[in-house]
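In our numbering, the protein residues as written are 1 to 67. For reference, the structure discussed in these notes is given below.
If you want it as structure tokens, here you go:
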């Protein structure tokens with residue numbers, strides 16, 4: 001047996017996993033910051049669709065015309 005702690009499922013040591021996780025979180029944060037002019041309208045559009053879709057289904061059942 002080794003004195004070092006056992007490796008994880010990917011076979012990487014804990015400090016390596018921590019550094020990779022921090023790098024991934026930093027990359028994700030930078031991506032959101034860099035794309036905020038695109039992501040803002042997309043998130044707003046998704047929220048509006050999620051809110052409006054349940055209201056549309058009863059109208060479709062009652063025969064409302066699209067458009």
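Cβ coordinates follow ideal geometry from the N, Cα and C atoms, glycine included. Note that the structure is a prediction, hence the values are computed from the model and not measured.
Item, Value
"Beta-carbon proximity of residue 39 to residue 32, cut-off 8 Å", "yes"
"Alpha carbon of residue 22 to alpha carbon of residue 55, nearest angstrom", "41 Å"
"Backbone secondary structure at residue 36 - three-state DSSP", "helix"
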